[in-house]
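Chemist: Quick note, my numbering runs 4 ahead of the 1-based positions in the sequence shown.
Okay, handing you the structure first.
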Amino acid sequence: MRTGFKLFCRFAVLLALLLPIVPLTLPLESGAGEAMKLPEANRDGKESLEKAILKRRSVREFRDAPLTLAEVTQLLWSAQGTTSPSGYRTVPSAGALYPLEIFVLAGKVD
């Protein structure tokens, strides 16, 4: 048992030395659409996490009104925003790979 653990430790160290260090996020080229600067997202919500979870419901019917730019910003930041200069995100990701890509297809945003 002890020999197996020592072998595992040696293999883990060797693997760590051989694998390249990858940044937390890789920059991507903008797609075919227009890129735009978004305002700062609100990071000081007035509602507790517990209350937000209790009130959460799936919506199947949507209002016939455009989202505001502030609402789009908040939605994007909540889904995949950065929380520190080092690149940490609002969502967890195994190995800091963040395999989620988010695109906004907007007919109208106020």
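Virtual Cβ for every residue (Gly too), placed ideally from N, Cα, C.
#1: Helix or strand or just coil, what does DSSP make of Val76?
#2: How far does the alpha helix (DSSP H) with Glu38 in it reach, from first residue to last?
#3: Anyone know if the C-beta pair for Leu71 and Val113 falls short of 8 Å?
#4: What is the DSSP secondary structure of Thr86, reduced to helix, strand or coil?
#5: I'd like to check one pair, Ile106 with Leu80: are the Cβ atoms closer than 8 Å?
Modeler: This is what the structure gives:
#1: Residue state, collapsed to three classes: helix.
#2: Note, Glu38: premise wrong, no alpha helix (DSSP H); not H, not E.
#3: The answer is yes: Cβ separation under 8 Å.
#4: Strand.
#5: Yes, the Cβ-Cβ distance between Leu80 and Ile106 is below 8 Å.
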